[in-house]
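Student:
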Amino acid sequence: RMGNDTMIYKRPPTTSQKHQGFVTDPIGNRSVRDVPGIGPAHGRTLEERGMPRADQLSGDYLKRVWDHGQFQDNLKNTTGANAKQQRDVYNGMREWTDNNM
Numbered sequence: 143r144m145g146n147d148t149m150i151y152k153r154p155p156t157t158s159q160k161h162q163g164f165v166t167d168p169i170g171n172r173s174v175r176d177v178p179g180i181g182p183a184h185g186r187t188l189e190e191r192g193m194p195r196a197d198q199l200s201g202d203y204l205k206r207v208w209d210h211g212q213f214q215d216n217l218k219n220t221t222g223a224n225a226k227q228q229r230d231v232y233n234g235m236r237e238w239t240d241n242n243m
């Protein structure tokens, strides 16, 4: 809060900020909601389907690494993610893997 009348609202990170933060940090026990392209609704869906952590989604990515279409189709079928969200998730996983494995 600034002054008497001014409120400062923290904006959610942009996709590029979220991507940058995700690919440069260890995955650890991070929430699946920390993955670029996964917002609150898709994160909730993944959590309800037994995938609450980013490392679990990373495992799914690694199983399908040679067929990104299959990874993206699975994400679409599981969460309803649109094409941009699918690409954001795939690119985040790919870059995280390139940086950390």
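Each residue of the sequence shown is one higher than the one before, starting from 143 at the first, in my numbering. We put the beta carbon where it would ideally sit given N, CA and C, even for glycine. Quantities reported herein were computed from a predicted structural model and do not represent experimental measurements.
Kindly indicate which residue of Arg229, His210, Ser173 has the alpha-carbon position closest to the one of Ser158.
Tutor: Of Arg229, His210, Ser173, the residue nearest in Cα terms is Arg229.
Student: Output needed for Val174: all residues of its chain with C-beta closer than 8 Å, excluding positions within five of it in sequence on either side, in chain order.
Tutor: For Val174, where only same-chain residues beyond five positions count, the Cβ hits under 8 Å are Ile180, Gly185, Leu188, Glu189, Met193, Pro194, Arg195, Ala196, Gln198, Leu199.
Student: Under a three-way DSSP split, which group does Arg172 fall into?
Tutor: Coil at Arg172, not helix or strand.
Student: Using 10 angstroms around the beta-carbon of Leu204, count the other beta-carbons present and answer buried if the total reaches 16, otherwise exposed.
Tutor: So Leu204 ends up on the exposed side.
Student: Here's a check: name, in chain order, each residue in its chain whose Cβ is nearer than 8 Å to the Cβ of Arg206, leaving out the five neighbours to either side.
Tutor: Contacts found: Gln212, Phe213, Asn216.
Student: My output table needs one value for Arg236: the three-state DSSP class, helix, strand or coil.
Tutor: Helix.
Student: Pull up the DSSP beta-bridge partners for Arg282, would you.
Tutor: Given that the chain is displayed from residue 143 to residue 243, the structure contains no residue 282 and the question cannot be resolved.
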